[in-house]
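See structure below.
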Amino acid sequence: MSLITVTGEIDPGEVLLADAHEHVWIQPEAGVDPSARIELNDYDAITGELRTLSSGGVLLVDCQPGGAGRDARQLEAVARAANLWITAVTGFHQRKYYPPAAPHWSQTADDFIAELTHATHETRDHAVPVRASAIKVGYEGVIEGQTRVLMEAAAHAARATGATILFHTEQGRGVELLIPFFEGYGVPASQLYLCHVDKRNDFALHADLARAGALLGYDTFARPKYDPANNVWRLLQQMIAAGLDHRVAVGLDFAFPSMWAFGGGQGIAGAYASILKRMEQIGLTADSIRRLTARNIAQQLVFKTAPPSGV
Ligand SMILES: [Zn+2]
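Note that our numbering numbers the sequence shown so that position 9 is 14, with each residue one more than the last.
Structural data, given as C-alpha cells:
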C-alpha cells in the first residue's frame with residue numbers, strides 16, 4: 006500500500022526522515038480573530054529553507070486542515086520546488102482558527118472522504134488533484150457540541166477510508182477519552198495519532214496508549230519552553246526502555262516563522278541535526294532512530310484498508 010503525498014503516491018519505505026507534525030504553509034482566512042492568526046506564507050523563504058534540508062527521502066506532515074489556513078496548491082508547489090514530500094490533512098482544527106461564519110465548521114464525513122479519496126477542496130478542478138492523507142481533529146480535551154459532531158464525522162471518514170485521525174491535543178488533556186470514543190464508532194486505536202502528548206509528562210499514560218495501539222506524536226524537542234531535557238527526552242527514553250519505540254513519532258511543530266531559520270530560529274535542518282545527534286549520544290540504535298524519525302509515521306499514514314469503490 007502506498008502513502009498519498011501532495012505530489013503523488015510513494016512507497017512509505019522510501020521515507021528516510023519524516024517530520025511527523027509540521028506546518029509548511031498557513032494562510033488564515035479573512036476574519037479570523039487576530040489572537041489566533043498565524044501566518045506562514047513566505048513562499049521564497051519557505052522553499053529556500055526546505056531546499057537546504059532535502060537530500061532525498063524527506064517527508065513533512067503538514068497539519069493544517071482546509072478552511073483553517075491550508076492551501077494544498079501551495080503545499081504542492083513547495084514540495085516540487087524543494088524536492089521533498091509533503092502530506093496534507095482534511096478534517097478540522099480548533100474553532101478559534103476559523104472566521105465567525107465558517108462553512109468548514111459544519112463539514113460532514115462526506116467532505117472528509119472526498120478530500121481523502123478524490124481532491125482537496127482547493128484542487129478540485131486540477132487535472133491531477135491533491136489528496137489529503139489523514140483526518141485532523143482539533144481536540145481541546147472535551148467531547149461535546151459541534152466538536153463532537155465533527156469528531157463523529159471524522160470517525161465515519163476514518164472507517165470508510167482506513168485513513169488515520171491526527172489529533173491536535175491541548176497538551177494531552179482528555180486524551181484518555183479518545184480511544185474508547187473512536188472504538189465505539191469502529192475505528193481501532195491503531196488508526197489514531199495523538200499529537201502534542203509529550204506536553205503531558207505521564208509515562209504510565211503514554212505506555213497505556215501505545216500498548217492499546219495508538220501512535221504518539223512527540224514534538225517539543227526543539228521547544229525550549231517545554232523543558233525538553235526533563236520532559237520529552239525522559240519520556241522517550243522510558244518508552245524505548247519499555248519496547249514502545251514503534252508507537253512514537255517525532256515532529257517539530259514549527260508553526261511560527263520565528264522557529265524557522267529564515268525567521269531567526271533554529272530552523273528545521275538545525276533542529277533535526279541536533280535531535281539526531283542527541284539520539285545517537287544517548288545510545289539509540291540506528292533502527293530505533295529510523296522508526297522514530299521516519300518509519301512509524303510513514304507507515305501510519307498509509308490507509309489501513311482500500312477505500313470502498315465508488316465513494
Ligand atoms: Zn501543530
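Ideal placement from N, C-alpha and C gives every residue a C-beta, glycine not left out.
{"Item": "Residues of its chain near residue 251, where Cβ-Cβ distance is below 8 Å and the 5 sequence neighbours each way are ignored", "Value": "296, 301"}
{"Item": "Residue range of the unbroken alpha helix (DSSP H) whose run includes residue 187", "Value": "183-188"}
{"Item": "Start-to-end residues for the beta strand (DSSP E) that takes in residue 13", "Value": "13-15"}
{"Item": "Endpoints, the alpha helix (DSSP H) within which residue 211 is located", "Value": "208-217"}
{"Item": "Distance, residue 280 Cα to residue 53 Cα", "Value": "22 Å"}
{"Item": "Buried versus exposed, by CB contacts within 10 Å (16 or more), residue 198", "Value": "buried"}
{"Item": "Three CB pairs or more closer than 8 Å across the segment 33-51 and the segment 15-22", "Value": "no"}
{"Item": "Rounded separation between residue 169 and residue 254 - CA only", "Value": "14 Å"}
{"Item": "Extent of the continuous beta strand (DSSP E) to which residue 282 belongs", "Value": "Careful: residue 282 lies outside any beta strand (DSSP E), inside the alpha helix (DSSP H) at 273-286."}
{"Item": "Identified DSSP bridge partners for residue 90", "Value": "64"}
{"Item": "Cutoff 7 Å; reference residue 177; Cβ partners in own chain excluding five residues on either side", "Value": "201, 202, 204, 205"}
{"Item": "Segments assigned alpha helix (DSSP H), at least 4 residues, entirely inside the segment 90-150", "Value": "114-122"}
{"Item": "Assigned secondary structure, residue 18 (DSSP; H/G/I helix, E/B strand, else coil)", "Value": "helix"}
{"Item": "The segment 99-113 touching the segment 81-89, judged by at least three CB pairs closer than 8 Å", "Value": "no"}
{"Item": "Run of the alpha helix (DSSP H) containing residue 253, from where it starts to where it stops", "Value": "Element bounds for residue 253: not the alpha helix (DSSP H) but the beta strand (DSSP E), 253-255."}
{"Item": "C-alpha distance - residue 267 paired with residue 210, whole-angstrom precision", "Value": "37 Å"}
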